[in-house]
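Notes to accompany the following structure.
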Ligand code: HEA
Ligand code: HEA
Ligand code: CUA
Ligand SMILES: [Cu+2]
């Protein structure tokens, strides 16, 4: 082979391969993650669409305490279903948004080769996710005066409102759990020095996933919690 | 910092048998694994089809040979519930475990890297996972087949509430839903892999508009898989909840506000996936046909870009026509009419494809080799299938034809005939790249003529009884007075179907004989210029060394100037023309450089 | 009977190429009543559907024949050593314009025809419930499907559903000839589909929904009611009988049936109270 090759070899960054305008420049991992997120988006879309159709088609969606007392309906162990604790969940939403911000900080720290900053922000992001899960646990099962939707009569399988609620929020919760696990693995890798020297690609990919989980939550929160009844 | 080698490493063949043949990450091995899986299930699905035809030819009589083994309790006679399980699992197995693994799993894995000049898939381990998900899902289906209360019997569409415990109790249906869920996972992981590979790992010079049509078809299929299979996943998840955890998403409640589920929701979710799914099954076949007509008529593919745009258009439109399966559910009239218009519009790109194929074979020099014959077969049967779709796309005629055998005939002509023959076109064509040998041409031709003739007769037989009003999924159609006179017709169709089944033996014999005893094939037995034919048969572990540089499109055949100059009627995708006086200035392949 | 002859109805299958290929084989088993044909049409409006199916089949058959002709010529003529390859990428402006024009023309011709007549038929007849309901002599029937039979309910002399004088029948629906019949169809368990092959009508019966359908018969006789949607083990046995009577005979039957229903009426039997107040459509 001729010497001209070696010359090219030095000039080429792997992100520039193949050297052709027709090609994207995202790394394969990143592309793969984007595709996965598109796909995952559609599974949430399926659940939310199902929820929308059930709710849109129902004559009476929420059997509230008032309606129960008027004798209109009788659902679940208590005869009526509780309200969703919007302020509490709004807090959780805020927490998740914050964890997205810390994720961006971790990424920025990595790019700036700030090892300590990266570990701190990454740790905080995982922590945010974990706290969100604790919050969801409180919401379902209760702690002190908070939450306990199940105890208040919102039981999976008793009504379409309850079933779609648990289905969608727990499916999202599962994503948060995977995200926390994923981020923890990233933290260990960061600790071992894999991302030192501004090697941010894998961190960026993890960030994509985390931002997605966050974004989807905002949609879930809007559709499931915020749309008033009757709307 | 990952080096260039990370992108396309040269791996050596693993030593151990397990790593080489079972848990392999080599796309060619995975392609063969998918092929075997597909054939095994196609055999099961095919035998089931033969039993369906037996029931309609001789309702209530014991099934010969298999009857005593399978339906011993009823003296060899299929019972109504068993009949339901048979067509349900026949439909599901053929779609998800026969055609999908062969057309998408096997060809996608084999052809994409070889045709775009890559050393492997973008994510080899994910690729391996994709196969094992498929394998696992296959096991779920087998579990369903032997479940105590029988396999699921709610139809391949698994419409709720029949598919909930209301209609089909027992584990059979649940296993089936699990199976669908996992084959979906396999399709999604495979799809992510295919899409990324095509975007990132094309050889230098392999621009979008120089990709073989096969790769286009597979790529679009992969996108549809990634986007729409998850919706089926959600529907399946909700269905499993209904079956196992006592929710009632799809069971209409007696009282408002209490368990107010809705069966129609399942239909929407199913068809949002289901309609793209049917194009998932045909796009690879279209791509293969588009390439083969050019390769074997020694002529450039006519208006290549037009074919690409048409396939892209079909893929996009496929997302917005699903409502045509639900015209009679009592949907909003305006919505129904919109779906009708959109569905009819799909026939425009389909016509463009056909015109391009016909233009390609016109005034060429057709070589009557088996892959070409099968490609012609695809055009023939898909013509019938596509054209009979128009009657269904129109609401007023669909009022009469919906849920009749006309629908069954339509989709067998499109997928059981066109995708089925398309799979065979691919197998005969790429056999050297799969197994290093060629299939026998004589047996291949017998297989082709037998299959195409009898497939047409069988499935047109379905269209005819559909036209006469026969509903689908009938254990004994002749229970209805207005269908009594159809028995001789159905009987004749059954004979055709059995003939079709028997002709598949030509293939089975040919296949095993060629795999184990066939003569080694040359690198390029068909005189074709795409990259897959520039490597040995079968290709080495890392395919290309060095990575080729592409200079032209895939269909450069029959150029009189070239024939005069070099005495050959085609140019490969890497060949410069006119031949350079000296060694050409090539774009380097830093990957293979770095790998050394 | 409509203006179509039996032969004309056999045309689609014939044209779709089957006839050419299968005819000799099928000829041996051909029964007296043509298996190739649509079932007998006894409705006023069914011929709209028949006509559209037939004409579309004729149109697409023309396309199909052209396609087969091109394939055959290419197969037999454009092959062999002396075949001269017409080297052409088909990318010329004129060629592309040609391809697009042909596709557009086929679309306007076949799909345009389908769309136009389907819209017309739906708006004028099949989905136009004003047409029957404006007529004085309209017959209203509620259909309730369950595994595996059809319940029917007529409002009776009082003109109100779910009262003691309702006529209730099982798998036995009687309607007068030449009077519009409007049905509202529901189901209690799984999805069924109410199918009247001889009237070219079909409508899904879905739990939780009430779907309308209407028709007008123009001949008397006894015909099958069929279930078109897979609904479980005995889907194939979900057969009912539609009896189309002369108007007088129908009125006589209705009066008698209502009288008997009133006698047999049992308020405490909840099973029999499945009707619903007629829904405005
Ligand atoms: C590979 C699978 C496949 C393909 C490609 C198609 C293609 C099409 N299908 Fe089909 N369809 C199915 C598989 C497929 N279908 C299945 C599985 C079902 C039933 C599922 C079930 O209920 O179980 C179904 C059901 C189905 C229905 C629902 C029917 C009902 O349940 O009542 C409808 C309705 O619109 C429909 C329409 C169409 C249309 C308009 C096309 C169009 O894409 C067709 C376009 C093609 C053409 C229009 C032909 C091209 C042109 C020529 C041949 C002429 C060329 C000649 C010259 C240029 C000279 N299909
Ligand atoms: C791609 C999908 C596909 C394929 C290929 C087929 C193939 C066939 N189908 Fe099927 N069918 C469906 C999809 C398919 N079908 C679906 C979705 C349904 C609807 C189910 C429902 O209603 O829910 C259906 C329903 C259906 C019915 C209607 C049942 C009913 O409504 O009651 C009938 C009846 O004739 C039928 C017949 C046949 C026949 C005769 C074949 C023949 O073509 C089969 C010929 C094939 C073989 C005999 C196998 C040969 C084996 C090999 C080639 C393997 C080689 C092996 C090795 C090398 C090891 N099918
Ligand atoms: Cu009821 Cu089929
Ligand atoms: Cu469709």
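Residue numbers (this note's numbering), protein chains in the order written: chain A, 9 to 239; chain B, 554 to 1149; chain C, 8 to 288.
Note that CB positions come from ideal geometry on N, CA and C, so glycine has one too.
*With a threshold of 7 Å, establish whether the CB of residue 1061 of chain B neighbours any heavy atom of ligand 4.*
It does not: the Cβ of residue 1061 of chain B is nowhere closer than 7 Å to a heavy atom of ligand 4.
*With DSSP as the reference, label residue 178 of chain C as helix, strand or coil.*
Here residue 178 of chain C sits in coil by DSSP.
*When every heavy atom of ligand 4 is checked, does at least one fall within less than 7 Å of the C-beta of residue 867 of chain B?*
It does not: the Cβ of residue 867 of chain B is nowhere closer than 7 Å to a heavy atom of ligand 4.
_I want to know whether the segment 986-994 of chain B touches the segment 1040-1055 of chain B - three or more CB-CB distances under 8 Å._
The segment 986-994 of chain B and the segment 1040-1055 of chain B do not touch, with fewer than 3 CB-CB distances between them shorter than 8 Å.
*If you pair each beta-carbon of the segment 178-193 of chain A with each one of the segment 60-71 of chain A, do three or more pairs fall below 8 Å?*
In short, these stretches do not touch, since the Cβ pair count stays below three.
*Can you tell me whether DSSP reads residue 705 of chain B as helix, strand or coil?*
Correct three-state label for residue 705 of chain B: coil.
*Would you report the Cα separation of residue 907 of chain B and residue 647 of chain B, rounded to the nearest angstrom?*
C-alpha separation (whole angstroms): 26 Å.
*Report the partner residues of residue 101 of chain A according to the DSSP bridge assignment.*
Its beta-bridge partners do not exist; DSSP assigns none.
_Nearest residue (CA-CA) to residue 787 of chain B, options A:35, A:49 and A:38_ = Closest by C-alpha distance to residue 787 of chain B, out of A:35, A:49 and A:38, is A:49.
*asked:* Distance check for residue 819 of chain B and residue 153 of chain C, CA to CA, integer angstroms please.
replied: When rounded, the distance between both Cα atoms is 20 Å.
*Residue range of the alpha helix (DSSP H) that includes residue 828 of chain B*: Residue 828 of chain B -> alpha helix (DSSP H) spans 816-850.
*If we ignore side chains and look at the alpha-carbon of each, how far apart do residue 1076 of chain B and residue 963 of chain B end up?*
Approximately 39 Å between the Cα atoms of the pair.
*Quick one: list the residues of chain B neighbouring residue 108 of chain A, beta-carbon separation under 9 Å, in chain order.*
Chain B residues near residue 108 of chain A: none, gap ~23 Å exceeds 9 Å.
_Here's a check: name, in chain order, each residue in its chain whose Cβ is nearer than 8 Å to the Cβ of residue 182 of chain C, leaving out the five neighbours to either side._
Correct list, in chain order: 146, 148, 188, 224, 249, 250, 251, 252 and 257.
*Could you check which residue in B:972, B:831 and B:680 has the C-alpha nearest to that of residue 867 of chain B?*
Comparing Cα positions, the closest option is B:831.
*Along chain A, which residues have their Cβ under 7 Å away from the Cβ of residue 951 of chain B?*
Result: empty, since nearest Cβ-Cβ is about 23 Å, beyond 7 Å.
*Using only the heavy atoms of ligand 1, determine whether one of them is closer than 7 Å to the beta carbon of residue 831 of chain B.*
Correct: residue 831 of chain B has its Cβ closer than 7 Å to ligand 1.
*From what residue to what residue does the beta strand (DSSP E) around residue 884 of chain B run?*
Here residue 884 of chain B belongs to no beta strand (DSSP E), and DSSP marks it neither H nor E.
*asked:* Using C-beta distances below 6 Å, list every residue in its chain close to residue 171 of chain C, excluding the 5 sequence neighbours before and after it, in chain order.
replied: Answer for residue 171 of chain C: 269 and 272, listed in chain order.
*asked:* Just to confirm the assignment, what range does the beta strand (DSSP E) spanning residue 221 of chain C have?
replied: First-last of the beta strand (DSSP E) with residue 221 of chain C: 218-223.
*Reduced DSSP secondary structure (H/G/I, E/B, other) of residue 37 of chain C*: Annotation note: pLDDT 41 at residue 37 of chain C (below 50); position unreliable, coordinate value reported separately. DSSP places residue 37 of chain C in coil when its eight states are reduced to three.
*Check whether the Cβ of residue 1130 of chain B lies closer than 8 Å to any Cβ atom in chain C.*
No, residue 1130 of chain B does not count as interfacial toward chain C.
*Using alpha carbons as the reference points, say which of B:905, B:801 and B:1068 lies closest to residue 107 of chain C.*
Looking at the Cα atoms, B:905 is the closest of the given residues.
*Between which two residues does the alpha helix (DSSP H) harbouring residue 664 of chain B extend?*
Where residue 664 of chain B is concerned, the enclosing alpha helix (DSSP H) stretches over 660-669.
*Can residue 704 of chain B and residue 774 of chain B be called in contact, C-beta distance under 8 Å?*
For the 8 Å CB-CB criterion, residue 704 of chain B and residue 774 of chain B do not form a contact.
*beta strand (DSSP E) containing residue 146 of chain C: first to last residue?*
Boundaries of the beta strand (DSSP E) harbouring residue 146 of chain C: 146-153, taken from the DSSP string.
*DSSP state of residue 1079 of chain B, grouped into three classes?*
Reduced to three states, the DSSP call for residue 1079 of chain B is coil.
*the segment 115-139 of chain C: positions lying closer than 8 Å to chain B by Cβ*: Near chain B, meaning a CB-to-CB distance below 8 Å, the residues of the segment 115-139 of chain C are 117, 118, 121, 122, 124, 125, 126, 128, 129, 133 and 134.
*Take the Cβ of residue 7 of chain C as the centre, count every other Cβ of all protein chains shown within 10 Å, and call the residue buried at 16 or more, exposed below.*
Nothing in the structure corresponds to residue 7 of chain C, since chain C is present only between 8 and 288.
*Spatial neighbours of residue 947 of chain B within its chain, please: CB distance less than 8 Å, with the 5 preceding and 5 following residues excluded, ordered by chain position.*
The answer, listed in chain order, is 893 and 897.
*Return the chain-ordered list of same chain residues with a C-beta closer than 7 Å to the C-beta of residue 221 of chain A, the five sequence neighbours on each side being excluded.*
Only 183, 184 and 187 meet the Cβ criterion.
*Partner residues on chain B for residue 165 of chain A, Cβ-Cβ distance less than 7 Å*: Neighbourhood of residue 165 of chain A in chain B, by CB distance below 7 Å: 798, 799 and 800, in chain order.
*asked:* For residue 164 of chain C and residue 1039 of chain B, what's the separation of their Cα atoms in angstroms?
replied: Between the alpha carbons of residue 164 of chain C and residue 1039 of chain B lies a distance of about 42 Å.
*Which residue's Cα is closest to the Cα of residue 993 of chain B: B:652, B:1072 and B:633?*
B:1072 is the residue among B:652, B:1072 and B:633 whose C-alpha sits nearest the C-alpha of residue 993 of chain B.
*Starting from residue 866 of chain B, follow the alpha helix (DSSP H) in both directions and report where the run begins and ends.*
Looking at the DSSP string, the run of the alpha helix (DSSP H) that includes residue 866 of chain B is 857-870.
*Which class does residue 136 of chain C belong to by DSSP, given the choice of helix, strand or coil?*
Secondary structure of residue 136 of chain C (DSSP, three-state): coil.
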